[in-house]
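In this text, residue positions in the sequence shown follow this note's numbering: the first is 4, and each later residue adds one.
C-beta: ideal position from N, C-alpha, C; glycine also.
Everything numeric in this text was worked out from a predicted model, so none of it was measured.
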Amino acid sequence: MSENYSETEKLEILIAAAVKDADRGSQGLFNYYEDPDAFFNEDSRGLFGISFDELLTMGKGIWEKMSLELQPVFCDKNDKQHKVLAGLIEDGSEEVIPAIASVITASVLSMGVIPAGAITAVTYFLVKLILKKFFTATLNTGCEKWKEYNGGLS
4 MSENYSETEK
14 LEILIAAAVK
24 DADRGSQGLF
34 NYYEDPDAFF
44 NEDSRGLFGI
54 SFDELLTMGK
64 GIWEKMSLEL
74 QPVFCDKNDK
84 QHKVLAGLIE
94 DGSEEVIPAI
104 ASVITASVLS
114 MGVIPAGAIT
124 AVTYFLVKLI
134 LKKFFTATLN
144 TGCEKWKEYN
154 GGLS
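Laid out in structure tokens, this is it:
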């Protein structure tokens, strides 16, 4: 089943699944951190009552809402967080993932969009999604790609 989705689509599905999982109160998605592809061998209808395509639509909607809020956190060059993240990304530091996770967690909590029980899982998958979509070389290059993605809004 996972071969039908791009890497970014899989992450959007996992974000939606984490939210659905928290809504049910089970938080069982944590089992998929080590091997997220294993999730796609499950029956999503049996787990959540909706298809992977419906989870993808939900995940894209969550990402769209959060993208507009998170982009300035990463890309405002006057922000001290931006300077720290830029240095970590450009140096290829392994510390970039915890730094991004910290920024995302604080932002997600303040937005109130995600159920509390899903914050950790959603943050984990958002970090991977943001790095995959935008930040491969430098923070400035990633911010330009992100700005284009958001229709020029920053």
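In this structure, residue 15 lies near residue 66, with their beta-carbon atoms less than 8 Å apart. Measuring C-alpha to C-alpha distances from residue 91 to each of 103, 24 and 82 identifies 103 as the nearest. Counting the other CB atoms within 10 Å of its CB gives residue 112 a total below 16, which places it among the exposed residues. About 17 Å separates the beta carbons of residue 84 and residue 150, which is beyond the 8 Å limit, so they are not a contact pair.
Secondary structure at residue 155: coil, using DSSP grouped into helix, strand and coil.
Residues of the same chain with a CB within less than 6 Å of the CB of residue 18, apart from the 5 flanking positions on each side, are 62, 65, 125 and 128 in chain order. The C-beta of residue 47 has 16 or more other C-beta atoms within 10 Å across all chains shown, which makes the residue buried. Rounded to the nearest whole angstrom, the CA to CA distance from residue 77 to residue 101 is 14 Å. The C-beta separation of residue 135 from residue 10 comes to about 6 Å, placing the pair in contact by the 8 Å criterion. Here the C-alpha atom of residue 79 lies approximately 18 Å from the C-alpha atom of residue 68.
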